[in-house]
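Residues 189 to 626 in the numbering used here are what the sequence shown spells out, letter by letter.
This report refers to the structure that appears directly beneath it.
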Amino acid sequence: MADTARQVLGMLGSRAACVVLSVFTSAVIARSLEPEGRGVYYMAVTVATTATMLGHLSGEQAQSALWTDAGRREALAGNSVPLALVLGTLSGLAATALVAVIGPETLDLPGQYLVMVACLSVPLSIASNYTANIALLRGHVRVANRSMLAGGLAQCAAVAALSAGERLSVVAALIVWVAAGSVPLLVFTAVGAASGHRRDLKLARATVATGARYHLGPASVFLLLNADIYMLSAFAGAREVGIYSLAVGLAGYSRMLADVVSQVMLKRQFNASDTESADVTVRITRYTILLALASALALTLAAPVLVSAVYGAAYTDAVPLVMLLAPGVMALGASRLPSAYLLRLRRARLVVLPSVIALAVNIALNVLLIPVWGAAGCALASSLAYVLLAAFQTRLFARMTGIQARKLLPSPADLLALLTSARLCVPGKRAAASLPPG
């Protein structure tokens, strides 16, 4: 397990560096564009990321589900980039056409050209996601770390340079975002971490078919996390979107620790037997709950100072929104491993049903609360829906494995073991730490 702890710390270090770069980049964009301009920028980005999520047809989930057959792994890797580029191109074109039909002004966008620029990212983003998943399934965590860091550095450097020359506009920020999103794919391609020596058209069709069975679930999760942006834009306008989207981004940082652990454990969850995978899920979930709780508390305490000092007085209204979002985001982070285990079972209903129910609840709450409380109602509705999804996934995990849900809850001994592991992993210590067996 020492290797697992080193992988967690390595990815955590890369994620922490990416967070620092992201905060700096976001602050520069926020100060340069002001809330309304940031709202326009983020709306265009949201359209492109929606096209990415809906168009990738849950390819990563399909790869993970099919990865249990060792004979298919080489072809899954070989298919990843061509399949992603085809799906991404079709999805990007569809999103651009849809916005043209409904009118960009409906989304508070000043022109169709912003959507066209943003949607250039769709095929590149899907390809980056597919190759990153293959790399993680192969255990190439270090390469995944470097790819994320490279993308963050590229965007940060470009945004800083444009801002210094007073040339950072909404269009320029979008172009930089698109270009930076392609960097991880270039890294994976350069080192061959996700490459495959053969392609299989039949397997590509099977991948799409398998992903489509699960896609309603991940698509619902994505819409759960992003439908509030569209609804807030419709009810309140670009300025509110600019402030709320900042709060969403800051709250998302609190998932970093839990996400890192879940990504490192992905290989063990999908390569082990059902019994071993369930055991790993239970043991490590106790630690991810502690990490998610600590992250949410730290963010809540830091938000009042961070927002005003880094982003400026124009964004102070984001502070209470961060606090409202924190419980829901913490719950999502804590439930990452149980939700991944449900995917392993290759029963689409277990993945789809919780997500669809949570999305329906989120939309209903947003319709009720946004007209009354604005962005605060949006944040409250989203947080409640996130908690519902996490609870539903955890309950299904307990039912499918026969493991009592209370066994997922951490004890004081788990906290002590986690602190001990962290202390032993500090450079200079003689013993290499591991996540303890619980």
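Quick reminder that beta carbons are idealized off the backbone N, C-alpha and C, glycines included.
- The beta carbons of A236 and S335 sit about 19 Å from each other, so the pair does not count as a contact at 8 Å.
- Rounded to whole angstroms, the gap between the alpha carbons of M518 and A567 is 14 Å.
- Secondary structure of L479 (DSSP, three-state): helix.
- Apart from the 5 residues on each side of it in sequence, A288 sits with its Cβ closer than 6 Å to the Cβ of Q300 in its chain, given in chain order.
- Counting C-beta atoms within 10 angstroms of its own C-beta, Q592 has fewer than 16 neighbours from the protein chains shown and is therefore classed as exposed.
- The beta carbon of S496 sits closer than 7 Å to the beta carbons of T504 from its chain, once the five residues preceding and following it are set aside; these are given in chain order.
- The Cβ-Cβ distance between L557 and A546 does not fall below 8 Å.
- A buried status is given to H244, since no fewer than 16 other beta-carbon atoms sit within 10 Å of its beta-carbon.
- Secondary structure within the segment 354-398: the alpha helix (DSSP H) runs of 4 or more consecutive residues, fully enclosed, are 358-369 and 371-379 (chain order).
- Within the same chain, and ignoring the five residues on either side of Y230 in sequence, the residues whose Cβ sits closer than 8 Å to its Cβ are I417, V429, G430 and S433.
- Here T589 is actually not in contact with R524; their C-beta atoms are around 16 Å apart, not less than 8 Å.
- Residue environment for D462: exposed (fewer than 16 other C-beta atoms within 10 angstroms of its C-beta).
- When Cβ pairs closer than 8 Å are counted between the two stretches, the segment 402-415 is seen not to touch the segment 446-454, the count staying below three.
- Under the three-state reduction of DSSP, D602 is assigned to helix.
- Taking the Cα positions, A381 is about 14 Å away from A263.
- The three-state reading of DSSP puts W561 in helix, counting H, G and I together.
- Assignment of I591 by DSSP, reduced to helix, strand and coil, places it in the coil class.
- The three-state secondary structure of S461, taken from DSSP, is coil.
- For the pair of segments examined, the segment 273-285 was found not to touch the segment 336-349: the number of CB pairs separated by less than 8 Å stays below three.
- DSSP places R330 inside the alpha helix (DSSP H), whose first and last residues are V329 to A352.
- By the neighbour-count criterion, in which a residue is buried when 16 or more other Cβ atoms sit within 10 angstroms of its Cβ, S202 is buried.
- Per the C-alpha coordinates, the member of S465, A501 and G500 positioned closest to L531 is S465.
- Here A349 is exposed: its Cβ has fewer than 16 other Cβ atoms, across all protein chains shown, within 10 Å.
- Using a 10 angstroms sphere on the CB of T608, the tally of other CB atoms stays under 16, which defines it as exposed.
- Per DSSP, reduced to three states, the secondary structure at R456 is helical.
- Here K455 is buried. Its C-beta has 16 or more other C-beta atoms within 10 Å.
- In this structure, DSSP gives R226 a helical state, which the three-state scheme calls helix.
- Out of A360, Q581, T377 and A205, the CA that lies nearest to the CA of N317 is found in T377.
- In terms of Cβ geometry, A435 and L513 form a close pair [threshold 8 Å].
- Counting the other CB atoms within 10 Å of its CB gives V208 a total below 16, which places it among the exposed residues.
- In this structure, the beta-carbon distance from N267 to R355 does not fall below 8 Å.
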